[in-house]
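Report on the structure given below.
In our numbering, the protein residues as written are 51 to 326.
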C-alpha cells in the first residue's frame, strides 16, 4: 500500500508541475489557484491514508509557496496548515522522540537574528502580483449596493467581484476567470467561464454559470446553477446545486460535488444538496 501511495503521489506531482505555466514571465492567478487546490487535495489524501513518505509532496508545496507566496493568501494559509497536519500525523506514527542533550548548541542570539529576515520576505504587495497576472485586462466590480446592470466586456477578460450587497449582475461576455468575494443577497450570472470560478465568504446569493471548475469556500446559503467537471466546497453550509439553465429553458445535468470537510465515503455530506 505504501508503494502504491508513493506512485500515485509522484504521478500527481508530475502533473502539478506541468500546470505551473508562465507566459512572458507572467503567472496566471487561475493557474496558481488550480495548482494550490490540487496540492491541497494531495495533502488531504496523505493525511487520510497516513502516508509515511511525503518528502516529494513537501518539496512541491514548499517550492509553490516560495514562487507564488503572497499571490493568493487564502491558499497560502491552507497549504501551510495542511503541511503542518501532515508533519503532525507523521510524528504521531513515529512515536515520541527520545530526548538527548546536545553539547554543540548554537547561541540563541543567532536564531533570534534570523527570524526578522524570514518575516520580511513575505511582505511583497499582493495587489501588484494579482495585477501582473492579467495581461488581457480585468473588470472589477466592488463596494456597491442595490445595483442592477448588464456588464459588457471582451471575451477572455478576468472578473473580480468584491463586497456587493443586494445586487443583480448579468455578464454579456465569457470571462477567463472569476473571483467572487464577500457578496450578500446577490444574483450573478455568466454565460460561461473558460477557467475557474472561485467563490469566497459569500451568503444568501444565487450564482449561475458554465465553467471549467467551480470552488466555493467559507460560504453559506448559496444556490449554484452550474455545469462543470466538479464543484468543490470547503467550510460551507446550505449549498444548493442544480444544473445550468439553457436559453430554451432546459436545465443541464447538475455537477458532481466534492466536500473537503466530509471524508466519509458512501455517505452524503449534510453541507450541500441538489435542488430542481
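Think of the CB as a built atom: it goes at the ideal place given N, C-alpha and C, for glycine as much as any other residue. If you're wondering where the values come from, they're calculated on a predicted model, not measured in any experiment.
Query                                                                                                                        : Result
Cα-Cα separation, residue 103 to residue 112                                                                                 : 16 Å
Boundaries of the alpha helix (DSSP H) in which residue 113 is found, first to last residue                                  : 105–118
Residue 218: first and last residue of the uninterrupted beta strand (DSSP E) it sits in                                     : 218–221
Residue 245 burial status per 10 Å Cβ neighbour count (16 or more: buried)                                                   : buried
For residue 305: DSSP bridge partner residues                                                                                : None; residue 305 has no bridge partner.
Own chain residues within Cβ distance below 8 Å of residue 166, not counting five before or after                            : Note that residue 166 has pLDDT 44, beneath the 50 cutoff, so the model's placement of it is unreliable and the number below is only indicative. Once the five neighbours on either side are set aside, residue 166 has no close Cβ partner at all.
Own chain, CB closer than 8 Å to residue 216, minus 5 neighbours either side, in chain order                                 : 195, 196, 234, 235 and 236
Closer than 8 Å to chain D by CB, residue 301                                                                                : The structure shown contains no chain D, having only a single protein chain.
Cutoff 8 Å; reference residue 160; Cβ partners in own chain excluding five residues on either side                           : Here the model assigns residue 160 a pLDDT of 48, short of 50, so the residue's position is not dependable, and the following value carries that caveat. Taken in chain order, the list of residues that qualify is empty.
CB of residue 97 within 8 Å of CB of residue 128, strictly                                                                   : no
Among 321, 93 and 266, nearest to residue 107 - alpha-carbon criterion                                                       : 93
Helix, strand or coil at residue 261 [DSSP, three-state]                                                                     : strand
The beta strand (DSSP E) enclosing residue 288, as first and last residue numbers                                            : 287–292
Contact set for residue 257: own chain, Cβ-Cβ below 6 Å, skip 5 residues either direction                                    : 238 and 274
Secondary structure of residue 97, DSSP reduced to three states                                                              : helix
Those residues which DSSP pairs with residue 229 across a bridge                                                             : 210 and 248
Runs of alpha helix (DSSP H) lying entirely within the stretch 120–145, each at least 4 residues, in chain order             : 123–144
Extent of the continuous beta strand (DSSP E) to which residue 198 belongs                                                   : 198–201
Whole-angstrom distance between residue 287 and residue 132, CA atom to CA atom                                              : 21 Å
Residues of its chain near residue 281, where Cβ-Cβ distance is below 6 Å and the 5 sequence neighbours each way are ignored : 264, 305 and 307
Candidates 228, 276 and 126: closest to residue 324 by CA position                                                           : 276
Residue 248 versus 116, 105, 313 and 125, residue with shortest Cα-Cα distance                                               : 125
Residue 62 to residue 309 span [Cα, whole Å]                                                                                 : The pLDDT assigned to residue 62 is 49, lower than 50, so where the model puts this residue is not dependable, and the model offers no usable value.
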